[in-house]
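>
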Amino acid sequence: MGIKIKKIITRKKIKKFRKVIWEGLKIKLPIRKPRPAHTDHIVAPMPGTILRIPVKVGDTIKKERVPAVVLDAMKMHNELCPKILPCRVEEILVSVGDAVKKGDVLIKLLVIIEKKKKDSS
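When we follow the numbering used here, the leftmost residue of the sequence shown carries the number 589, and every step to the right adds one.
1. Is the beta carbon of I638 closer than 7 Å to that of D686?
2. Rounding to the nearest angstrom, what Cα-Cα distance links G671 and P618 in this structure?
3. Where does K689 land, buried or exposed, given buried means 16+ other C-beta within 10 angstroms?
4. To which residues of the same chain is R555 closer than 7 Å at the C-beta, ignoring the five residues directly before and after it?
5. Taking the C-alpha atoms as reference points, what is the distance between V682 and L694?
6. With a Cβ-Cβ cutoff of 7 Å, do K696 and E678 count as a contact?
7. Identify which residue in P655, V684, L659, M664 has its Cα closest to the Cα of L673.
8. Go through its chain and collect everything with a Cβ distance to C675's Cβ below 7 Å, but skip five positions before and after it.
9. Ignore the nearest five residues each way along the sequence and tell me which others in P658's own chain have a CB closer than 6 Å to its CB.
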């Protein structure tokens with residue numbers, strides 16, 4: 589069995605008890621460019637309408653599952669939360685009732701880096 593890592597994976601033969609049980613495969617794999625993590629802003633995952641924005645500019649979000657914006661899409665309410673905590677709301681780019689497309693930036697965040705306290709032992 590052979591493998592090449594130059595966009596093409598090739599396997600020659602697989603033998604079991606001196607008999608060829610499988611032979612030949614050639615696959616071209618697309619190499620994708622990494623997408624940004626979107627950690628410093630909240631992005632619309634699908635088209636929809638802004639239903640509610642429970643945060644204000646300057647608010648600090650410290651707990652998980654605190655929605656920064658509620659998006660109504662396909663008759664479902666999607667609570668969009670920040671991915672990295674704690675963070676502060678820097679700018680709100682949408683308002684209630686706005687129609688948004690997939691990938692639109694809704695809220696810009698500032699990630700707060702907390703310094704770890706040293707233990708005095």
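Note that the Cβ used here is the ideal one computed from N, Cα and C, for glycine as well.
The relevant details are as follows:
1. Between D686 and I638, the C-beta gap is smaller than 7 Å, which places the two residues in contact.
2. Here residue 671 is Lys; the residue named in the question, Gly, does not match the sequence. Straight across, the Cα-Cα distance linking K671 with P618 is about 28 Å.
3. Burial call: exposed.
4. Residue coverage of the chain in this structure runs from 589 to 709, which leaves residue 555 outside it and unanswerable.
5. Separation of V682 and L694 (C-alpha to C-alpha, rounded to the nearest whole angstrom) is 6 Å.
6. Cβ distance < 7 Å, so K696 and E678 count as in contact.
7. Closest by alpha carbon: P655.
8. Within the same chain, C675 has close Cβ partners I649, L697, L698, V699, I700.
9. A small correction: the amino acid at residue 658 is Val; Pro does not occupy that position in the sequence shown. Excluding sequence neighbours, V658 sits near L639, R640, H665, E667.
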